[in-house]
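Numbering (our numbering), first residue to last: 136 to 523. Glycine included, each C-beta is placed from N, C-alpha and C at the ideal position. Shown next, in structure tokens, is the structure this report addresses.
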Amino acid sequence: MDLDAFRWLLTDDGAQLLARARQVADRPALAQQAELRRHATPERVAAALTQAGLRQRAVAKFGDDAARLWFTSDGLEQATRRRVADHRAARLRAFGAGTLLDLGCGIGGDLMAAARVGVTAAGVDLDPLRVAVAQANLAALGLPGAVVVADAADVDPAPFDVVFVDPARRGARGRTFSPDDWTPPWPLVASLLERDACAKLAPGIPHDLVPDGVEAEWVSDDGEVKEAALWSGRLATCARRATVISGGGLATLTEDDDPGAPVVPLGRYLHEPDGAVIRAGLVTAVAARLDGGLLDEHIAYVTTDSPDATPFSRAYAVQEVLPYREKALRTALRERGIGRLTIKKRGVDVVPEQLRRRLDLRGDAEATIVLTRIAGEGACVLVEPLAR
Ligand SMILES: C[S@@+](CC[C@H](N)C(=O)[O-])C[C@H]1O[C@@H](n2cnc3c(N)ncnc32)[C@H](O)[C@@H]1O
Numbered sequence: 136m137d138l139d140a141f142r143w144l145l146t147d148d149g150a151q152l153l154a155r156a157r158q159v160a161d162r163p164a165l166a167q168q169a170e171l172r173r174h175a176t177p178e179r180v181a182a183a184l185t186q187a188g189l190r191q192r193a194v195a196k197f198g199d200d201a202a203r204l205w206f207t208s209d210g211l212e213q214a215t216r217r218r219v220a221d222h223r224a225a226r227l228r229a230f231g232a233g234t235l236l237d238l239g240c241g242i243g244g245d246l247m248a249a250a251r252v253g254v255t256a257a258g259v260d261l262d263p264l265r266v267a268v269a270q271a272n273l274a275a276l277g278l279p280g281a282v283v284v285a286d287a288a289d290v291d292p293a294p295f296d297v298v299f300v301d302p303a304r305r306g307a308r309g310r311t312f313s314p315d316d317w318t319p320p321w322p323l324v325a326s327l328l329e330r331d332a333c334a335k336l337a338p339g340i341p342h343d344l345v346p347d348g349v350e351a352e353w354v355s356d357d358g359e360v361k362e363a364a365l366w367s368g369r370l371a372t373c374a375r376r377a378t379v380i381s382g383g384g385l386a387t388l389t390e391d392d393d394p395g396a397p398v399v400p401l402g403r404y405l406h407e408p409d410g411a412v413i414r415a416g417l418v419t420a421v422a423a424r425l426d427g428g429l430l431d432e433h434i435a436y437v438t439t440d441s442p443d444a445t446p447f448s449r450a451y452a453v454q455e456v457l458p459y460r461e462k463a464l465r466t467a468l469r470e471r472g473i474g475r476l477t478i479k480k481r482g483v484d485v486v487p488e489q490l491r492r493r494l495d496l497r498g499d500a501e502a503t504i505v506l507t508r509i510a511g512e513g514a515c516v517l518v519e520p521l522a523r
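Okay, structure coming up:
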């Protein structure tokens, strides 16, 4: 979709075609096109059908708002999901930010969230289409804010209380993990982190990339780690934080909550920490909170004797320890009539899909096994997931 096609979609005629695209959404693709071609040119029909499809895809990130927001395919893929953006905006609000500069605002995922909590937000992006989309999104939600086409490197952040930057991590050859390939580039991001700022980075960033005095917050949504947000200046409140968002709300943990935890024998329960906790290096904080210990100093499983749960981990009841060796394990699983097997593993060199194929199980029962190391030895534990 080019800028002209997008601008046309914003007109009354465009809105009508989009409404028609929604009405025929459950028909086969060719029938949809044939119906819409009675009203508009092929380019406009393509733009309307694409937008209707993107709005459907966007529900996962933006919920009910998706039906009235605007997207490009890449812009949607790169946008921060609503619950994560809302959390960031709430932190900005709690800090007392009155104004925010979003350098590389894309279609406006973070911009909308900031504006929603009353932070006056200005967005900048190199791409004129994304700027137009972000503007349309603020307008669609009735939110204030300005968005302009500019290179982040040319914008003076001085007048703003806080700067936010979410560098694009996809180069010409797809997703890129090297900070040298991000745009805006890492040196610019690092220079912004010398003031009150927030940078959204990939969860897999090495800890040594985080400058001294900057907080790294790993954020997960529904069990999936979405980002590492770096908070600098007066916004930094700790060194490492894990924030876990779910339908039930938000919970957060920092190194101040981590007195350490011992390695202990397998207890009656096993707890699998959330990925944000693991990335933040706070597994022992979860063990301490549960009054438990680690199965192995280097492996992210916690064990306890009490069924207490935390929002930071998934709990399993230990049923029995099975043989670790494959042949004996197959016999044990067959004896128990187990045909469907969920295999979890940590710290051992096993490919679950390959193991499941080799085990060649038949039977009606369903089970979960955890393959890991206990006291340095390979171990297989039969577990039952506890209701959350
Ligand atoms: C990951 S996206 C931002 C997504 C946004 N936070 C959201 O939630 O919708 C990064 C954006 O940075 C823009 N960008 C990359 N380099 C830039 C630069 N030097 N100046 C301004 N914008 C830039 C890209 O066009 C892209 O839209």
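Contact fails between the stretch 408 to 416 and the stretch 477 to 492, because fewer than three Cβ pairs, one in each stretch, are under 8 Å apart. Thr207 has its Cβ no nearer than 7 Å to any heavy atom of ligand 1. A Cβ-Cβ distance of about 15 Å is found for the pair Phe447 and Leu521, leaving them out of contact under the 8 Å criterion. With respect to Ala232, Val259 sits apart: the two C-beta atoms are not nearer than 8 Å.
Nearest in C-alpha terms to Gly277, of all of Thr318, Arg203, Leu152, is Arg203. Trp353 is bridged by DSSP to Ala363, Ala377. A straight-line Cα-Cα distance of about 37 Å links Lys479 and Leu370. Relative to ligand 1, the nearest heavy atom lies less than 7 Å away from the CB of Pro302. In the three-state DSSP reduction, Val159 falls in the coil class, being neither helix nor strand. By the criterion of a C-beta distance shorter than 8 Å, Gly348 is surrounded in its chain by Ser367, Ala371, once the five residues flanking it on both sides are discounted.
Counting only runs of 4 or more residues that sit fully inside the stretch 190 to 275, the alpha helix (DSSP H) segments are 208 to 213, 217 to 230, 244 to 251, 263 to 275, in chain order. Residues Arg228 of the same chain have their beta carbon placed closer than 8 Å to that of Gly253, with the five preceding and five following residues left out of the count.
In the three-state reduction of the DSSP assignment, Asp289 falls in the helix class. For Thr318, the shortest separation between its Cβ and any heavy atom of ligand 1 lies below 7 Å. For Leu273, the shortest separation between its Cβ and any heavy atom of ligand 1 does not lie below 7 Å. By the criterion of at least three beta-carbon pairs nearer than 8 Å, the stretch 352 to 363 is in contact with the stretch 326 to 339. Shortest Cα-Cα distance from Thr503 to any of Leu457, Gly511, Ile509, Val483 involves Leu457. Relative to the non-hydrogen atoms of ligand 1, the Cβ of Ala364 never comes closer than 7 Å to any of them. Under DSSP, the beta-bridge partners assigned to Ile434 are Asp431. Looking from the CA of Arg142, the closest CA among Ala195, Arg192, Trp205 belongs to Trp205. Annotation for Val324: the continuous alpha helix (DSSP H) segment containing it runs 321 to 327. Ligand 1 never approaches Cys333 closely enough for any of its heavy atoms to be under 7 Å from the residue's Cβ.
The DSSP-derived three-state label of Gly277 is coil. Short note on Leu238: C-beta closer than 7 Å to some heavy atom of ligand 1. Inter-residue distance for Thr176 and Gly241 is about 28 Å (C-alpha atoms, whole angstroms). Per the C-alpha coordinates, the member of Phe295, Gly482, Val290 positioned closest to Leu323 is Val290. Comparing alpha carbon positions, the residue from Cys515, Leu405, Val298 closest to Leu328 is Val298. For Leu417, the three-state secondary structure derived from DSSP is coil. Just so you know, the alpha carbons of Leu171 and Asp343 end up roughly 54 Å apart. Going by DSSP, Ala463 is part of no beta strand (DSSP E) but of the alpha helix (DSSP H) stretching over 461 to 470. The residue from Asp356, His433, Tyr451 with its alpha-carbon nearest to that of Gly402 is Tyr451. According to the DSSP assignment, Ala332 belongs to the beta strand (DSSP E) that extends over 332 to 336. DSSP places Ala444 outside any alpha helix (DSSP H), giving it a letter other than H or E.
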